[in-house]
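Scroll down for the structure; my scribbles are underneath it.
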Amino acid sequence: MMSDGFFNPIVNVLLIFQVYFIAKLNKILVLSKFIFNLCLVLKGFKYRIYPNNSQKELIAKHIGSSRFVYNLALETKNSAYLGYKHKFSPFDLIKQLPELKKECLWLKEVNSQSLQQSIQNMDIAFKKFFKGSGFPKFKSKHKGSQSFAVPQNVTVKNDLLIIPKFQEGINIVLHRPIKGTIKSATISISPTGKYFASILIDTNIEKPTKVLIEENTCIGVDLGIKDFAITSNGDIFSNPKNLIKAQLKLKYLQRKFSKHKGKRTKQKLALLHEKVVNKRKDFLHKTSIKLIRENQTIALEDLAVNNMVKNHNLAQSISDASWSMFVTMLEYKADWYGKNILKIGRFAPSSKTCSCCGYINKELTLKDRKWICIKCNSIHDRDINAATNIKSFALKNNTSGEHTLKNQNELPTLVGVMTSENKLYSFAESK
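Rendered as structure tokens:
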């Protein structure tokens, strides 16, 4: 008979393999859950909340504590790198929070997860910096967004918002029902003193597959200042110019506030700015959803807005139009409904190219709103012609890319891309 000692190594090996396979299975399950969540539609909605006086005080403590931890983490990360060339991860700084609470006892009054999220937000700001955004700045008590995040344990019941440290519930106005699972929330205070809760909802609906890109269901959109958007179909969306219309009253209130610094004047000024912002967002939402619902594919121009606002003659009008916000709305709504967004390069001559014959009018200036093609004698409206060319360029870019990758089973090359670009923007000369 075999002794028990013979089986002990075998049992140990089997146990090790069992633990190993269980760990691998757990990793696969976590990864599959993460991939599945990427395929779900997430939507955020902003609701008005009405906290009582004690809740307002606790909200102020949460905002102040989150701002304090964010600034302290930013200073610690900068000092560690400048002095010791050491890079702190967000988890390294989160591990130091218990020690910080021993020194700052008032941090124990707020939700610990909100403090952890402020460090995560600081790390996200650094990641954006390495992708081309500005260097992370310290948060101010008097400027910028006054808010704090609640990453977990958010529920809404009987018109009450229940979050950690607010178990009695905050009165919330549900102007639309919550359909799905609540993921997280952000509590904020506007400059006018209004309280809001931005709630992220998992709709438990899979993202629809993108529709097929076809020419007859595609539309080109040219963004402008005189008219906000002009489509290749000839539809024109007039620019509401909300800021310019409110300019006279804004100047009066700003002059009054600069002289007296009164609280009532400051409140009126904040209310007027809020009204302008709300009007702008309302227009952008209505315009973007109209374009998404009526078209399967939308072609746009990749505009360098940050460079365009350096022109001081047009900076205010460009900022008032909010093209970047409009494009962002189009992109996430296209994901919701399975539509396509195509973009062309910012240097493509969409305005100067004749949409009929392809002739490029190099002498066209910004003040020329209509022009005649000297090659085919076509009369062009500058904006409609640009929208038509945006659609044409975007479809050709998409078609050439699919042909290269799918039909030929070859990756693009420097020479091949150069040749295709020359054919795209100078095809008139080859005729």
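Numbered as in the numbering used here, the sequence shown ends at 441 without a single skipped number. C-beta: ideal position from N, C-alpha, C; glycine also.
Residue 112 and residue 177 have their alpha carbons spaced roughly 25 Å apart. Exclusion of the five residues before and after residue 248 leaves 237 and 238 as the residues of its chain whose Cβ lies within less than 8 Å of its Cβ. Rounded to whole angstroms, the gap between the alpha carbons of residue 323 and residue 303 is 35 Å. Under the three-state reduction of DSSP output, residue 188 falls in the coil class, being neither helix nor strand. Excluding residues up to 5 positions away in sequence, 348 lie with their Cβ nearer than 6 Å to the Cβ of residue 218 in the same chain. Each residue's CA atom was taken as its position, placing residue 207 and residue 381 some 51 Å apart. Assignment of beta-bridge partners to residue 230 by DSSP yields 309. DSSP places residue 369 in the coil class of the three-state scheme, outside both helix and strand. Secondary structure of residue 171 (DSSP, three-state): strand. Rounded to the nearest angstrom, the Cβ distance from residue 294 to residue 282 is 19 Å, too far for a contact under 8 Å. For residue 390, the three-state secondary structure derived from DSSP is strand. The C-beta separation of residue 194 from residue 128 comes to about 13 Å, leaving the pair out of contact by the 8 Å criterion. Considering only 289, 267, 287 and 220, the residue with the shortest C-alpha distance to residue 279 is 267.
In the same chain as residue 329, and ignoring 5 residues on each side of it, the C-beta atoms closer than 7 Å to its own belong to 319, in chain order. Around the beta carbon of residue 306, a 10 Å sphere encloses 16 or more other beta carbons of the protein chains shown; the residue is thus reported as buried.
Inter-residue distance for residue 124 and residue 260 is about 36 Å (C-alpha atoms, whole angstroms). When the five nearest sequence neighbours on each side are left out, the beta carbons in the same chain lying within less than 8 Å of the beta carbon of residue 256 are those of 282, 285 and 286, in order along the chain. Across the structure, residue 321 and residue 392 are spaced so that their CA atoms are roughly 21 Å apart. Residue 119: not part of any alpha helix (DSSP H); DSSP gives it neither H nor E. Counting C-beta atoms within 10 angstroms of its own C-beta, residue 116 has fewer than 16 neighbours from the protein chains shown and is therefore classed as exposed. Contact annotation: the region 142-159 touches the region 76-86, with at least three C-beta pairs closer than 8 Å. Rounded to the nearest angstrom, the gap between the Cα atoms of residue 158 and residue 253 is 29 Å.
For residue 325, the enclosing alpha helix (DSSP H) starts and ends at 325-331. Remark: C-beta atoms of residue 213 and residue 340 do not approach each other more closely than 8 Å. Judged by DSSP in its simplified three-state form, residue 266 adopts helix. Between residue 231 and residue 350, the beta carbon gap of about 13 Å keeps them out of contact (Cβ cut-off 8 Å). The bridge partners DSSP lists for residue 380 are 391. Burial check for residue 140: the Cβ neighbour count within 10 Å stays below 16, so the residue is exposed. DSSP lists 210 as the bridge partner or partners of residue 54.
Secondary structure note for residue 302: it is in no beta strand (DSSP E), and the uninterrupted alpha helix (DSSP H) holding it is 273-304. A distance below 8 Å separates the beta carbons of residue 361 and residue 374.
Considering only 408, 397 and 54, the residue with the shortest C-alpha distance to residue 211 is 54. One alpha carbon belongs to residue 153, the other to residue 275, and they sit about 18 Å apart. Taking a contact as a CB-CB distance under 8 Å, the pair residue 163 and residue 174 counts as one, their CB atoms being some 5 Å apart. Excluding residues up to 5 positions away in sequence, 319 lie with their Cβ nearer than 7 Å to the Cβ of residue 325 in the same chain. Straight across, the Cα-Cα distance linking residue 166 with residue 57 is about 11 Å.
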